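The sequence shown begins at 0 in numbering that gives the first Met the number 0 and counts up one residue at a time. All C-beta atoms in this analysis are idealised placements derived from N, C-alpha and C, irrespective of residue type, glycine included. Treat the numbers as computed from the prediction; the structure is a model and nothing was measured. The structure appears right after this line, and notes come after that.
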Amino acid sequence: MNFMIRAVEVGSRVVDGIEKVGCLNRDIPPYSLRRMVGAPPLDFTGRMYRLQGPRWLGHLRTIGELDAASSILEIGCGCGRVSGEILAHKKMATRFVGFDVREDLIDWAKEHLQRKFGNAEFFHAAIHNARYNDGGTIDASGYAFPFGSDEFELIYATSVFTHLLDVAVANYFKEIARILKPDGKFVATFFLVDIDHPHQTGGARRGPDGARPWRGPGFYNRVGSAYSPYSELPERMIGYRIADIAELATKAGLKIAGVHPGFWKHGGPSITWQDLLVFERF
Ligand SMILES: C[S@@+](CC[C@H](N)C(=O)[O-])C[C@H]1O[C@@H](n2cnc3c(N)ncnc32)[C@H](O)[C@@H]1O
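Written as structure tokens, this is what we have:
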């Protein structure tokens, strides 16, 4: 594993210890798990972590027709940052399933959410991801989602396809098209890159909660049709041209039904930091 990532993980566990001794933030996962799913480094109070669930509940209600869905799948659910809020909103009649490649995240979701909400099921899939699960034994490009055809009305993934290489995206799209009901919705975030401007050059404005456009390295490293700022570990952050996503979707039997550009690139008014796409079957 990348040395920097390892060092951050070790440092995060020290904060976990402080939280435990001080009985802090007991309603949310420990700092190291929050960091793993994308909470900012200085979010020691968990404020930013707690904001995400209510926000996504709103997006999925308006964009994903969440209120009409009686079966929901979250891909890459992490420790339930989003699903905790969805489960509190959609009570017992709704079937909810979440899976992730990291066992520590799923263990927390099982203990705190599956126990509390009888309609929820979380499971760990030992899929390899060089960033999140480098010991994983299952290849994402061949993973068969353990569900029958047409099982879910809503499938969503927040900040997951931003860590998947194209062979994995192709397979996940194919599986999603198979298990999504014919009139269902699939909502997911991406970094939609402009390859003529690898730095993506966002505006200077700050977004909600001080969020800034991406100012890290440019998306110079190409792996298949994926682009990453990080040559040594592309899965840290992956972007695609929207044309390539559309092509992968079409091959799988999905079409892009909605595009919501994110704040990360444009620095303008957006509902999310990453770009948000809505897919339907055709
Ligand atoms: C940035 S985190 C986001 C977690 C969660 N969606 C959220 O918003 O809180 C990315 C997540 O994707 C998961 N992940 C990585 N590769 C995956 C794969 N092939 N299938 C499913 N989940 C994956 C990681 O373990 C991690 O939990």
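Identity of the residue in the options nearest residue i by Cα
| i | options | result |
| --- | --- | --- |
| Gly-257 | Pro-39, Gly-45, Arg-54, Thr-61 | Thr-61 |
| Leu-163 | Gly-75, Thr-93, Val-81 | Gly-75 |
| Trp-55 | Arg-46, Ala-225, Gly-83 | Gly-83 |
| Val-36 | Val-168, Val-192, Asn-132, Gln-199 | Asn-132 |
| Leu-253 | Ile-17, Ala-187, Gly-261 | Ala-187 |
| Glu-73 | His-123, Asn-24, Arg-235 | His-123 |
| Lys-90 | Gly-77, Glu-102, Ser-70, Trp-107 | Ser-70 |
| Ala-67 | Ala-92, Gly-52, Thr-44 | Ala-92 |
| Glu-152 | Val-168, Phe-160, Phe-144, Ile-175 | Ile-175 |
| Ala-225 | Glu-150, Val-192, Leu-41, Ala-139 | Val-192 |
| Val-166 | Arg-80, Ala-248, Gly-45 | Ala-248 |
| Asp-243 | Gly-97, Pro-29, Phe-190 | Phe-190 |
Three-state secondary structure assigned by DSSP to residue i
| i | result |
| --- | --- |
| Gly-77 | coil |
| Gly-97 | strand |
| Thr-249 | helix |
| Phe-281 | coil |
| Asp-182 | strand |
| Tyr-171 | helix |
| His-198 | coil |
| Arg-114 | coil |
| Asp-133 | coil |
| Ala-92 | coil |
| Glu-120 | strand |
Heavy atom of ligand 1 within 7 Å of residue i beta-carbon
| i | result |
| --- | --- |
| Gly-63 | no |
| Asn-24 | no |
| Tyr-229 | no |
| Gly-162 | Looking at the sequence provided, one finds His at residue 162 rather than Gly. Checking the Cβ of His-162 against ligand 1 gives yes. |
| Ile-126 | yes |
| Asn-132 | yes |
| Val-277 | no |
| Ile-178 | no |
| Val-81 | yes |
| Thr-136 | no |
| Val-167 | This sequence places Ala at residue 167; Val is not what is there. Checking every heavy atom of ligand 1 against the Cβ of Ala-167, one is found closer than 7 Å. |
| Leu-104 | yes |
| Val-96 | no |
| Gly-261 | no |
| Gly-223 | no |
| Arg-101 | yes |
| Ser-11 | no |
| Thr-77 | Looking at the sequence itself, residue 77 is Gly, so the reference to Thr does not match. Gly-77 Cβ: within cutoff of ligand 1. |
| Ala-129 | no |
| Val-192 | no |
Residue-level contact to chain D via CB, residue i, 8 Å cutoff
| i | result |
| --- | --- |
| Arg-114 | Among the chains in the structure shown there is no chain D, since it carries only a single protein chain. |
Buried versus exposed call for residue i [16 or more other C-beta atoms within 10 Å across all chains shown]
| i | result |
| --- | --- |
| Pro-181 | exposed |
| Asp-274 | buried |
| Val-13 | exposed |
| Arg-34 | buried |
| Arg-5 | exposed |
| His-196 | exposed |
| Gly-77 | buried |
Strand pairing of residue i, partner residues [DSSP]
| i | result |
| --- | --- |
| Ser-158 | Looking at the DSSP assignment, Ser-158 forms no beta bridge with any residue, so it has no partner. |
| Ser-227 | Asn-220 |
| Leu-153 | Ile-71, Lys-184 |
| Asn-128 | Asn-132 |
| Leu-275 | Thr-188, His-259 |
| Lys-254 | Glu-279 |
| Gly-238 | Phe-190, Tyr-226 |
Near ligand 2: residue i beta-carbon under 7 Å from a heavy atom
| i | result |
| --- | --- |
| Val-7 | No copy of ligand 2 occurs in the structure displayed; its ligands are ligand 1 alone. |
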